[in-house]
Every structure is written in C-alpha cells, then in structure tokens.
Ligand code: XMP
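Residue numbers (the UniProt record's numbering): 5 to 516.
What follows is the structure, encoded as structure tokens:
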C-alpha cells in the first residue's frame, strides 16, 4: 500500500483517487505523521502532496526524514517536490516567474516514470500551480524534464527511486497524469493491482464478521447509495443479525419509499422496518418557514423515531453507518479559524451518541466512486447506484416557505416529469443533481379562456464533482421548452416554469 502525506493541497484526494484507480490501495495522512507511525504503516511507496506553504518560510511543513530512509520510492508533487529537495540538501528559491495553469513539459531524458508513456523530446501538457521553485538539486538527482517556467519540472534520483514533479499529475488537465502516477506505483514501486471492489468485498465481509461477532446490528436506510450499499454488504456478512430501519419522513420523491422497501424486502430479503412517519413530520413542520429550523426539526424527529424503532427491534449492539473516506481524512488546513456554517447538513448527527451503540462503518475506506463500484459488485441495480444525491431533509428544503401536503403533491408531480424528461433525453448521468423547487410565489397566467393564479416552479440542474462547487447545466432550449410545456399542462397548481442559471458559488445547489 501507498502512503500519501498531505501538505494541504486542495487536490490531495485526487492523488488517492488516481492511485486507487490504478488498483493500488493508499491512504492519506497529515504531513506531520511521525516516523514511528510511518514505519508501522509500512508503505511500499510514499507520495508527498502539494500544499500552499513555502519551504522558505520559517517553520514550513516538512515530512519526517524517515520517509527518505525507509528504502521505498518517494514521489514529491509541487510543494512535495520542493520539501523533498530542500530536506535532501537542494535549494529552493522564490521565483519571479510564477506558473499557474497550463504549461508544456519537454522530456529531456528517459526516466522510469515515463516508461511506455513519454519519449525523449515529447511535449506534454501539464498543470502547474506554484510560486517557489527548485533551483539546485540535491546530490544524486538529475533533471529529466523541463518547462518554460520550471527548469527542474521533473527531477529524479533513480538509484534511490526519488522523483519530483513540479506539476500536478493528479488533475485531469495534466493530459497523461493518471498514467504517470500508475507508472510510479506499478513500475517504480512494484505494487500490483489488487485493490478491486471484488477483493474489498471479501475483506470487508471478514472484517464485519470479526467486529460484530454474534451481536445484532441496526442500520438506518435513507434511500441513498451509501446506506444501501452498507446495508447490503453487512447483510452479506452477517445475514439476519442485521435489521434495517427506514424512517419514511413523507418528504421523499414520488415512488421512492416504495422502491426502497421493495428493493430491500423483496430483492435482497433483508429484514426491514418501514415506519411511515409522514404525519408526524408534517405535523411538526406545519407553519415553519425558516430553512435551518426545518432542518433541525427534521433531524431531531428522525432521531426520535429511529430510536423508538430501534428499541422495538431490541438488543442491538451496533449501529451501521455509511461513512465514506472523505469524511474520515484528517484535513490539513493552513487557513485556520472556524468556517462559517452555510447550512447544517448533519441530518442525523447525534444518533450514535444518543443510542450508545458501537459503530460499524464498512465504507470508511472508500471514495464515492468506489462505493458505486461496490454497489454494482453487490448487484444493486444500475439505476440505484447512479442516483443523484438527495438531501436528508428531502423535499422540505425544496419548498421555500411553509410545507403542506398539497404543495408536496404538486412538487412531486413536477419533479417526476422533469426527471423523466432528463432520463429520456439521456442526460441523467451527465448531470450531478437535478430537481424542481416549488416557489412560494403565485403569478397570473392564461389557460384556455381563463385567468390562472398559480405557483412558479423553478428547475435546477448542476454539474459538480463533490457538491462543493457547481455549475448550472446548459440544457438545449428545446429540452427546457418541452419540460415547461409538460409541467404547466400536466401539473395543476403550476402555471409558470423558470430555470435557475446560478453557479455555486455564489448560489448554493439547493434553494434553502
Ligand atoms: P448546497 O445546497 O449546500 O448543497 O450547495 C450541496 C449538496 O448537499 C446537499 N444538501 C444536503 N444534504 N442534508 C443533506 O443530507 C442537508 O441538509 C442538505 N442541504 C443540502 C445538496 O442536495 C447537494 O447535493
């Protein structure tokens, strides 16, 4: 396995994704990982990430020198290259010529990193982002590629198998970056491609059995990919020692509750408690208009109902959660200070504490893409695995203002038409998330010979990779025309449709 030491780059997770795509297991740890822990990890190779610091500043972050005496290959990327060169006796200087964005690499000498990929003389597009640069190499290193702004764009000490790149091979803008990283882990470090979801499934099942023993496990299903995959995996490991609880908030999309129940009960035969709590949730939400209050009510009610159902099941020792790797990585931040809460996403935060249960989190090592691949491996239908994300508070945050059963009904109908048209147009997978929002605004319209005075419906569709930033999706106008027509004609209560063309930032994806 490969160790990635994080120096705080925005894209460190991409390094891990690329290494795993090459079939090699890796973990991200903070750069300050101690020599003892590094040795205990026993990496077959180490990658030093980029980062925002400058090695020229006093107290600049550095890797423990143990990294360079383990006898394993090391790849330093951007800041990682600079600290490696600095720590091994080279010189780094502030540069007049800062390089950001696209640059062209010129391959000067053969190097194991380039095997089967680049030949001497090749010109390759890479992505740079640096202020400082290496100006004098440590003993044993030579330059194998240059760029206009970076005479030491790639340096190598092949005897010790130390490599440094000034650019970011992990980002897609570096045309052959993924292959370069694959070369490092396969050809240089000799790692084999044994990180597959089939292998993970076997190992995870053994681990779950060992952790849980004969105890009972309960798992909250949300209808989303993560909790579903976790449940199916755990069921495969311990069978009917698992009980799933599906708290139906009455805030799901049309047909979604039925789909979850039928998938788990009929297809997988997993014991499932389906608690229809729509009246309870809608009762508590009646008249509430503030978005954060809605979230808090839904979160608290969910925990109450879940707890009640869990007690009825009785005797559980473990609570299963679909926690993913990005939630687990200890992040390295140099900005400091608390960040502002834009929205509280912790729908069910507080559940484990309240319930005093041990946690079983079989997806803790996985990225979202890997969870999807594991879902396929476990036979979950493709339509389920590829689902767009859906927020815990559901349709409640897609109805600005107060929520009533009538409004929910209107929104469900419109949302169904919108998603149906997206699927029919073959656009579902190109979009990260698409949904309708029922606005608390009525406008005048004319239908037939009559005047109408009905709701405005907003359509939203975005592309994104992680939900942190997003762009609105550029639908063909004909598509928007068709959807608008169908909704106004088929959904009573809506007489006007608008399309949201705001990116994130400055907008957020949801309207509340
Ligand atoms: P925003 O609206 O913050 O959304 O740009 C980013 C992603 O998070 C989802 N979202 C939520 N998910 N509970 C959730 O589980 C919430 O309260 C919540 N609010 C937003 C949103 O759907 C998008 O995928």
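We put the beta carbon where it would ideally sit given N, CA and C, even for glycine.
Remark: the C-beta of residue 346 is in contact range of the ligand XMP, defined as less than 7 angstroms to any heavy atom. Counting only runs of 4+ residues, the alpha helix (DSSP H) found wholly inside the segment 249-278 occupies 260-266, in chain order. According to the DSSP assignment, residue 433 belongs to no beta strand (DSSP E), since it is labelled neither H nor E. DSSP places residue 102 inside the beta strand (DSSP E), whose first and last residues are 95-111. By the C-beta density criterion, residue 298 is buried, having at least 16 other C-beta atoms within 10 angstroms.
Taking residue 161 as reference, the option from 232, 88 and 230 with the minimal CA-CA separation is 88. For residue 155, no alpha helix (DSSP H) encloses it, and the DSSP letter there is neither H nor E. The DSSP-derived three-state label of residue 508 is strand. In this structure, residue 393 has its CB closer than 7 angstroms to one or more heavy atoms of the ligand XMP. Inclusion of residue 507 and residue 474 in the CB contact set at 8 angstroms is warranted, their separation being smaller than that value. Residue 369 is positioned such that its CB atom lies closer than 8 angstroms to that of residue 329.
Where residue 459 is concerned, the enclosing beta strand (DSSP E) starts and stops at 454-467. At a threshold of 7 angstroms, residue 260 does not count as near the ligand XMP, since its beta carbon sits no closer than that to any of the ligand's heavy atoms. Taking a contact as a CB-CB distance under 8 angstroms, the pair residue 32 and residue 14 does not count as one, their CB atoms being some 13 angstroms apart. Its chain contains no residue whose beta carbon lies nearer than 6 angstroms to that of residue 318 once the 5 sequence neighbours on both sides are disregarded. Shortest gap from the CB of residue 327 to any heavy atom of the ligand XMP: 7 angstroms or more.
If you keep only unbroken beta strand (DSSP E) runs of at least 3 residues inside the segment 36-66, you get 49-52.
The closest CA to that of residue 96, considering only 58, 115, 76 and 288, is found on 58. Boundaries of the alpha helix (DSSP H) harbouring residue 482: 481-494, taken from the DSSP string. Excluding five sequence positions before and after residue 83, the CB atoms of its chain that fall closer than 6 angstroms to its own CB belong to 11, 54 and 55, given in chain order. Annotation for residue 288: the continuous alpha helix (DSSP H) segment containing it runs 282-289. Checking the DSSP bridge columns, you'll see residue 131 partnered with 106.
Contact annotation, residue 405 with residue 293: C-beta distance approximately 5 angstroms; criterion of less than 8 angstroms satisfied. Under DSSP, the beta-bridge partners assigned to residue 476 are 466.
Counted as a single uninterrupted DSSP element, the beta strand (DSSP E) harbouring residue 322 occupies residues 320-324. Look at the beta carbons and you see the segment 41-49 touching the segment 193-201: at least three pairs across the two are nearer than 8 angstroms. Here residue 454 is exposed, its C-beta having fewer than 16 other C-beta atoms within 10 Å.
Taking 8 angstroms as the upper bound for CB-CB distance, residue 284 and residue 183 are not in contact here, some 54 angstroms apart. Under the DSSP assignment, residue 442 falls in the beta strand (DSSP E) whose first and last residues are 437-451. Counting along the chain, residue 356 sits inside the alpha helix (DSSP H) bounded by residues 355-359.
For the pair residue 113 and residue 163, the Cα-to-Cα distance works out to about 15 angstroms. Remark: the C-beta of residue 372 is outside contact range of the ligand XMP, defined as less than 7 angstroms to any heavy atom.
In this structure, DSSP gives residue 330 a helical state, which the three-state scheme calls helix. Excluding five sequence positions before and after residue 433, the CB atoms of its chain that fall closer than 7 angstroms to its own CB belong to 390, given in chain order. Annotation for residue 486: 425 place their beta carbon closer than 7 angstroms to its own, counting only its chain and skipping 5 residues before and after. For residue 195, the secondary structure class from DSSP, reduced to helix, strand or coil, is coil.
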